[in-house]
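See structure below.
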Amino acid sequence: VQLQASGGGLVQSGGSLRLSCVASGSVYSIISNTMGWYRQAPGKQRDLVATFIRGGTNYADSVKGRFTISRDNAKSTVYLQMNNMQPEDTAVYYCKAESIYGTTYWGKGTLVTVSS
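So the mapping is simple: our numbering equals the position in the sequence shown, first residue as 1, plus 1.
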């Protein structure tokens, strides 16, 4: 399985971006309810942003009401719509998925920079 994240860039405070994560390879093995987005700011640990869970979705408190995770199963793609972005959202964003074989996959990350 390969995960390719895209859509990052520079945005002003209050602006919006949409990230995409396309899965390829043995996509049949991906557990759809494990797909999600994480981010890592400079000098900090990688933290959860938004994921699918059984029965719904889970968001970090800091992004609730501003970010929305969605997916298109036909395209093997997960999206992260980010609205009202703030400088503290600046980070490298990674998509993650787990397989039925117990393997965790990470995309290479896409850089998001929010200017004040």
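Note that the Cβ used here is the ideal one computed from N, Cα and C, for glycine as well.
Best match in the options for proximity to residue i [C-alpha to C-alpha]
i   : options                : result
G26 : G15, S117 and A98      : A98
N84 : V2, V64 and V93        : V64
V28 : V113, D62, D73 and L11 : D73
E89 : D48, A24 and R55       : D48
A75 : A24, L4 and L11        : A24
Cβ-heavy atom distance, residue i to the ligand SAM, below 8 angstroms
i   : result
S17 : Only the bare structure without any ligand can be found here, which leaves the ligand SAM out of the picture.
Residue i versus residue j: straight-line alpha-carbon distance, rounded
i    : j    : result
F68  : T105 : 23 angstroms
R19  : F53  : 17 angstroms
I32  : S100 : 5 angstroms
T35  : G108 : 14 angstroms
G9   : T91  : 10 angstroms
V50  : Y60  : 6 angstroms
S21  : C96  : 9 angstroms
T78  : I70  : 11 angstroms
G16  : S30  : 36 angstroms
V115 : A6   : 18 angstroms
K45  : G66  : 23 angstroms
A80  : S117 : Sequence inspection shows Tyr at residue 80; the Ala mentioned does not correspond to that position. Rounded to the nearest angstrom, the two C-alpha atoms are 24 angstroms apart.
G57  : Q3   : 24 angstroms
For residue i, the residue or residues it bridges with in DSSP
i    : result
Q5   : V23
T124 : Nothing about residue 124 can be read from this structure; the chain reaches only from 2 to 117.
T58  : F53
Whole-Å CB distance - residue i paired with residue j, under 8 angstroms assumed
i   : j    : result
S14 : Q82  : S14 to Q82, Cβ: 17 angstroms. No contact.
R40 : Y102 : The Cβ separation is near 26 angstroms, so there is no contact.
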